[in-house]
Amino acid sequence: MKVAVFSTKAYDRQFLSAANSPNQHELVFFEPRLNRDTAILAAGFPAVCVFVHDQVDAATLEILASGGTQLVVLRCAGFNNVDLQAAADLKITVVRVPAYSPYGVAEHAVGLILSLNRKIHHAYNRVREGNFSLTGLLGFNLNGRTVGIIGTGKIGLILGQIMKGFGCQLLAYDVYRSSELEAMGGKYVELPELFANSDIISLHCPLTPETHHLINAEAIEKMKPRVMLINTSRGALIDTQAVIEGLKSCQIGSLGVDVYEQESDLFFEDLSGEIIQDDVFQRLTTFPNVLITGHQAFFTEEALQNIADTTFANITDVEQGRSCPNEVRAQS
């Protein structure tokens, strides 16, 4: 199948080309993101392959359909950037990679926790400048602390396993309970109880209308004072302005995020020579107790390999008329 691959970097081309070798699909790589302005590039391609910040809205889908595209292949788990109803109306199939880096994302969340707690990023810079003072670097033992995990799918479960190894107590919230988490001693509670009793809160749930701005001013007010908040899931789970107010009041003691609700204009690009126009993001970077990474939690060798393998398995399933287990559809 001829596939237009959008939002590609050198690492995407490397892993996708290698994984495609036994499949022999025809790949054409485009560095720009897919949107209504660039969709014309996919004219004549039965399939397009897209990533998290490609805009697959109704207008884009109409252009794709008019050019002959019948398949949208997401090389990511989230699909909130796709208008699934418009895709269904245009008879365009949408498939995704539902899980590709649960260990990588969970381990990155732990990295944020450790760095924020022990001020490792500050200590690194100090030592490089010959400053060996310990003032301002005081942390706390993770052993005995309570970690609240919101979303206990694969990633949340793995985080629970890791934090249990540190000797932490586990509280959890999810619509669907995990017997594995309960077996390791995790306790499911409602959100107000999790907020009130957690020293660390880590988000691992999908972005839905129900979870949009799950962490807002009201939620922050219920949290344990000086809580550590971690988000490696979706940026819009957090009301960033409310979090800034929580940081200013010291209700939030530290914040570690790998995602940001307006990240599509920032992440995955080198903007070091430009003036960033997002004042909210710039305000976040001024806090000494905030650590931001640029959506790299998934970025491991194993993840890129899994993404590539599943992407081509999905394409081949659709091409050969088989039922694809990773198809996503609009809810009826």
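Count along the sequence shown from 1, then add 1014; that gives the number in the working numbering.
For each residue, glycine too, the CB sits at the ideal point set by N, CA and C.
- For Ser1129, the uninterrupted alpha helix (DSSP H) run begins and ends at 1116-1132, by DSSP.
- Going by C-alpha positions, Phe1020 is about 9 Å away from Val1042.
- For Asp1292, the closest alpha carbon among the candidates Leu1280, Asp1026, Phe1065 is that of Leu1280.
- Selection Gly1092, Ala1072, Met1015 evaluated against Ala1250 yields Gly1092 as nearest (Cα-Cα).
- DSSP places Asn1211 in the uninterrupted alpha helix (DSSP H) bounded by 1205-1211.
- Three or more pairs of CB atoms, one per stretch, sit closer than 8 Å, so the region 1059-1074 contacts the region 1097-1107.
- Judged by DSSP in its simplified three-state form, Met1177 adopts helix.
- In the structure shown, Thr1107 falls within a strand segment according to DSSP collapsed to helix, strand and coil.
- With respect to Leu1171, Glu1207 sits apart: the two C-beta atoms are not nearer than 8 Å.
- The beta carbon of Ser1212 sits closer than 7 Å to the beta carbons of Thr1160, Val1161, Gly1162, Leu1185, Lys1238, Val1241 from its chain, once the five residues preceding and following it are set aside; these are given in chain order.
- Non-local beta-carbon contacts of Val1109 in its own chain, meaning distances under 6 Å to residues more than five positions away in sequence, involve Val1087, Asn1328, Cys1338, Asn1340, Glu1341 in chain order.
- With contacts defined as CB atoms closer than 8 Å, Ser1216 and Ala1317 fail to qualify as a contacting pair.
- Under the DSSP assignment, Phe1029 falls in the alpha helix (DSSP H) whose first and last residues are 1024-1034.
- Rounded to whole angstroms, Glu1045 and Gly1308 show a C-alpha spacing of 18 Å.
- Going by beta carbons, Leu1261 and Phe1301 fall inside the 8 Å limit.
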